[in-house]
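Report on the following structure.
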Amino acid sequence: GDSVTQTEGLVTLTEGLPVMLNCTYQTAYSTFLFWYVQHLNEAPKLLLKSSTDNKRTEHQGFHATLHKSSSSFHLQKSSAQLSDSALYYCALSRGKLTFGEGTQVTVIS
Amino acid sequence: EAAVTQSPRNKVAVTGGKVTLSCNQTNNHNNMYWYRQDTGHGLRLIHYSYGAGSTEKGDIPDGYKASRPSQENFSLILELATPSQTSVYFCASGDWTGVYEQYFGPGTRLTVL
Chain Y
1 GDSVTQTEGL VTLTEGLPVM LNCTYQTAYS TFLFWYVQHL NEAPKLLLKS
51 STDNKRTEHQ GFHATLHKSS SSFHLQKSSA QLSDSALYYC ALSRGKLTFG
101 EGTQVTVIS
Chain S
110 EAAVTQSPRN KVAVTGGKVT LSCNQTNNHN NMYWYRQDTG HGLRLIHYSY
160 GAGSTEKGDI PDGYKASRPS QENFSLILEL ATPSQTSVYF CASGDWTGVY
210 EQYFGPGTRL TVL
């Protein structure tokens with residue numbers, strides 16, 4: 001079946017430093033990959049999405065590139081802000097979403 | 110913007126009691142989903158629906174039933190609640206637009222004592 005792996009469960013980093021969250025996936029089908037972000041006591045919201053191989057997609061300062069050859073969709077940002085502290089989920093979709101376990105990001109000053 | 114609402118937002122139930130969580134969407138989406146969120150497990154799919162009158166089992170359906178009486182409403186039912194069902198439950202809606210993006214409600218925090 002489909003699966004998504006996020007290797008970091010907890011990430012703590014200093015404001016202004018770059019962010020990279022790993023996401024790899026397994027599926028036998030063509031699919032969309034997503035990053036969702038969930039701030040404390042809020043609903044998950046879509047951050048990025050892509051189905052195009054090797055194309056960079058950007059939103060709100062974050063970017064990710066889908067690499068089908070390595071089944072990866074890593075999330076990056078050049079400079080972390082305090083407001084980026086949140087839970088980040090990678091997910092793939094074939095009609096229903098399959099989520100990774102999430103990465104809790106804490107940005108400190 | 111897409112609108113998904115859930116009620117109640119917080120619920121305390123007793124073991125063995127019946128609990129119904131409700132979800133309403135005004136997006137006119139065909140598909141609706143129920144997830145639970147637990148630390149270390151992320152978001153796990155319980156039940157979903159392709160339209161009024163349909164329900165499908167997700168990845169962790171045991172102990173839960175679902176009901177989709179209309180396009181707008183999707184309920185999650187715990188007939189005999191257990192402490193292991195203490196969690197935060199999210200409802201979502203989405204459609205077959207080719208992207209399969211989902212919009213989430215604000216969540217219901219359920220505590221079973």
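Chains as they are written, first to last, in my numbering: chain Y, 1 to 109; chain S, 110 to 222.
Idealized CB from N, CA, C, for every residue including glycine.
Note that the coordinates shown come from a computational prediction; the quantities given were computed from them, not determined experimentally.
The three-state reading of DSSP puts Y/L97 in strand, counting E and B together.
Interface flag for Y/F62 against chain S is unset, since no Cβ pair is found closer than 8 Å. Not one beta carbon of chain S lies nearer than 8 Å to the beta carbon of Y/S71. For S/F183, the closest Cβ of chain Y is not nearer than 8 Å. Under the Cβ criterion of 8 Å, S/H150 is counted among the residues facing chain Y. When 7 Å is used as the limit between beta carbons, Y/E101 is near these residues of chain S: G149, H150 and G151, in chain order. Listed along chain Y, the residues sitting closer than 8 Å to S/G214 by beta-carbon distance are A43. Using a Cβ distance threshold of 8 Å, Y/Q6 and Y/S71 do not count as a contacting pair. Interface with chain Y (8 Å Cβ-Cβ cutoff): S/Y157 is included. S/C132: member of the beta strand (DSSP E) spanning V128 to Q134, first to last residue.
Linking Y/S50 to Y/E58 through their CA atoms gives a straight-line distance of about 10 Å. S/C200: member of the beta strand (DSSP E) spanning S196 to G203, first to last residue. Within the stretch 73 to 97 of chain Y, the residues whose Cβ lies closer than 7 Å to some Cβ of chain S are Y89, S93, G95, K96 and L97, listed in chain order. DSSP, read as helix, strand or coil, puts S/D171 in coil. Around the beta carbon of Y/G100, 16 or more other beta carbons sit within 10 angstroms, so the residue counts as buried.
For S/Y144, the enclosing beta strand (DSSP E) begins and ends at N140 to D147. Around S/Y198, no beta-carbon contact reaches into chain Y at under 9 Å, the shortest distance being about 11 Å.
Under the 10 Å beta carbon count, Y/Y29 is surrounded by fewer than 16 other beta carbons and is classified as exposed. Against chain Y, a Cβ distance below 7 Å from S/E210 picks out L46 and K49. Ranked by how close their Cα comes to the Cα of S/T135, the residues S/C200, S/P170 and S/A112 have S/A112 in first place.
Identification of chain Y residues near S/Y142 by a Cβ-Cβ cut-off of 9 Å yields K96 and L97, ordered along the chain.
For S/L154, the neighbours in chain Y by C-beta distance under 7 Å run, in chain order, K96.
Rounded to whole angstroms, S/V123 and S/T195 show a C-alpha spacing of 11 Å.
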